[in-house]
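Colleague: The opening position of the sequence shown corresponds to residue -6 in this note's numbering, with each subsequent residue numbered one higher. All residues carry an ideal CB built from backbone N, CA and C; glycine is no exception. Predicted model only: the values in this text are computed from it and were never measured.
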Amino acid sequence: MEIFPNTSAFNEELWHIKHLIELKPMTFPNGEPTADDIYGVKVHPDGRCEVARDATPLSEEQLRLMDPQKQWSSKELNRQLATRYHGCKDIFETNVYTNSNISIVK
């Protein structure tokens, strides 16, 4: 789920893929959040945005994982993202990176 502002620039981009996505308006049953409520905002898949008024911001220690070995370093994260990115390359007849075992149908 992604949240986009209702601006003409985003609407123009989303217009091209409107057949692939489902747009839902956001509703605020507890009222719209303010800058002070940012730590207690929860967005549900049906478009409801609930605000917990008594939420407090978490410290950096509270956000850390219990086991630091389970947390990826920036090098490991970059490696994982790079393999996902390079694994989704387009295959063209003129692409020098196309594997020889892939047949291209015209």
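#1: Measuring alpha carbon to alpha carbon, tell me which of P38, I31 and G80 ends up nearest P18.
#2: In three-state DSSP terms, what is E15?
#3: Have a look at E25 and T49 and give me their C-alpha separation to the nearest angstrom.
#4: Where do the N-terminal and C-terminal ends of the beta strand (DSSP E) with E43 fall, by residue?
#5: Express the C-alpha separation of K63 and E54 in angstroms, rounding to a whole number.
#6: In the structure shown, what three-state DSSP assignment does T49 receive?
#7: Measuring straight from C-alpha to C-alpha, what distance separates I31 and R46?
Modeller: Inspection of the coordinates gives the following:
#1: P38
#2: Note: E15 maps to coil in three-state DSSP.
#3: Spanning the two alpha carbons is a distance of roughly 18 angstroms.
#4: C42 to V44
#5: Approximately 16 angstroms, taken between the alpha carbons.
#6: coil
#7: 9 angstroms
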